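If you want the numbering used here, it's the 1-based position in the sequence shown plus 1.
Where a beta carbon is used, it is the ideal one built from N, C-alpha and C, also for glycine.
Computed from a predicted model, the values in this text were never measured in an experiment.
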Amino acid sequence: MKLIGTATSPYTRKVRVVLAEKRMECEFAIDAPNTEGSTVAQFNPLGKIPVLVLDDESTLFDSRVIVEYLDNASPGNRLIPEEKRPRIQVRRWEALADGCADAAVAVVMEKRRPAAQQSPEWISRQQAKVDRALQVMADDLAAKNWCTGDFFTLADIAVGCCLGWIELRLPDLPWRRNHPNLARLADKLAQRQSFRDSAPA
Numbered sequence: 002m003k004l005i006g007t008a009t010s011p012y013t014r015k016v017r018v019v020l021a022e023k024r025m026e027c028e029f030a031i032d033a034p035n036t037e038g039s040t041v042a043q044f045n046p047l048g049k050i051p052v053l054v055l056d057d058e059s060t061l062f063d064s065r066v067i068v069e070y071l072d073n074a075s076p077g078n079r080l081i082p083e084e085k086r087p088r089i090q091v092r093r094w095e096a097l098a099d100g101c102a103d104a105a106v107a108v109v110m111e112k113r114r115p116a117a118q119q120s121p122e123w124i125s126r127q128q129a130k131v132d133r134a135l136q137v138m139a140d141d142l143a144a145k146n147w148c149t150g151d152f153f154t155l156a157d158i159a160v161g162c163c164l165g166w167i168e169l170r171l172p173d174l175p176w177r178r179n180h181p182n183l184a185r186l187a188d189k190l191a192q193r194q195s196f197r198d199s200a201p202a
């Protein structure tokens with residue numbers, strides 16, 4: 002298998018963490034979409050990362066599809082519960098974390114535009130999504146050990162990757178001060194080998 006993505010993408014990192022937690026071998030090919038010479042569109046017509054190229058040369062995208070495939074391909078150490086209700090809880094967390102990352106990415110990308118072309122209203126709307134998502138994550142985590150209770154799951158991976166990206170690209174956002182329980186979770190996740198090896202730089 003070959004994973005195509007970038008070292009800083011929170012969605013690519015999510016897949017890399019899942020691969021590491023499940024001890025699955027996979028080549029990692031760094032390729033940033035929308036850059037000269039990028040081949041991403043050859044593997045994903047949407048031109049987005051991550052993309053997983055399977056041994057038979059078929060491809061999977063996006064990250065949610067890829068992680069489900071990986072969890073099913075190697076049934077040991079399940080990260081997505083098989084039981085219906087816990088499974089839905091984990092996928093809800095993943096959707097919330099990915100959506101928060103989507104909005105955070107939108108903020109950063111808009112701020113990279115020339116000042117005269119930026120839309121303060123757009124930035125404000127996206128920032129509000131980030132703020133609301135972080136608040137809901139903090140409220141739902143409460144004092145639990147992990148996002149869904151006592152067991153480490155894909156929910157924690159998705160949240161950890163989202164928070165890691167925000168810390169990298171929006172360093173002035175006071176999420177650690179505002180949500181100390183999320184900060185504790187992020188620090189605990191940062192101690193795992195899978196997160197250390199995939200830390201964005």
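Per DSSP, which residues does G6 bridge with? Please list them.
I31
From C163, W176, E83, pick the residue whose C-alpha is nearest to that of G100; which is it?
Minimum Cα distance to G100 is reached at C163.
By DSSP's criteria, T60 is part of a beta bridge. Which residues make up the other side?
V54, per the DSSP bridge assignment.
Considering just the uninterrupted stretch of the alpha helix (DSSP H) at K85, what are its terminal residues?
85-112
According to DSSP, simplified to helix, strand and coil, what is G48?
coil
Between S10 and A117, what straight-line distance do the alpha-carbon atoms span, to the nearest angstrom?
27 Å
Just how far apart, CA to CA, sit L4 and V41?
11 Å
Under three-state DSSP, which class holds G77?
coil
Along the alpha helix (DSSP H) that carries R17, what are the first and last residues, could you check?
First-last of the alpha helix (DSSP H) with R17: 11-22.
Give the C-beta separation of G140 and C148 to the nearest angstrom, bearing in mind that I take them to be a contact with Cβ-Cβ under 8 Å.
Correcting the residue type first, residue 140 is Asp in the shown sequence and not Gly. The Cβ separation is near 12 Å, so there is no contact.
Taking the alpha carbon of I81 as the point to measure from, which residue in P175, C27, F153, G161 has its own alpha carbon closest?
F153
Excluding the 5 residues preceding and the 5 following W123 in the sequence, name in chain order all residues of the same chain whose CB lies nearer than 7 Å to its CB.
Excluding its 5 nearest sequence neighbours in each direction, W123 has C-beta neighbours in its own chain below 7 Å: E111, listed in chain order.
Determine the direct distance from the alpha carbon of K145 to that of N182, and round the result to whole angstroms.
9 Å
Classify G165 as helix, strand or coil using the three-state DSSP reduction.
helix
Note down, in chain order, each residue of its chain lying with its Cβ closer than 6 Å to the Cβ of G6, except the 5 sequence neighbours on either side.
T13, I50, P51
Let me make sure I understand the geometry here. Which of V160, Q43, P121, R65 has the alpha-carbon closest to that of A102?
It is V160 whose Cα lies nearest to the Cα of A102.
If distances are taken between C-alpha atoms only, which option among A96, P201, E69 comes closest to E83?
The option with the nearest alpha carbon to E83 is E69.
Have a look at the DSSP bridge pairing and note the partners of W147.
G150
Determine the direct distance from the alpha carbon of V66 to that of L47, and round the result to whole angstroms.
14 Å
Taking C206 as the reference, which of Q136, P34, A74 has the closest Cα?
Outside the shown range of the chain, which is 2 to 202, sits residue 206, and nothing can be said about it.
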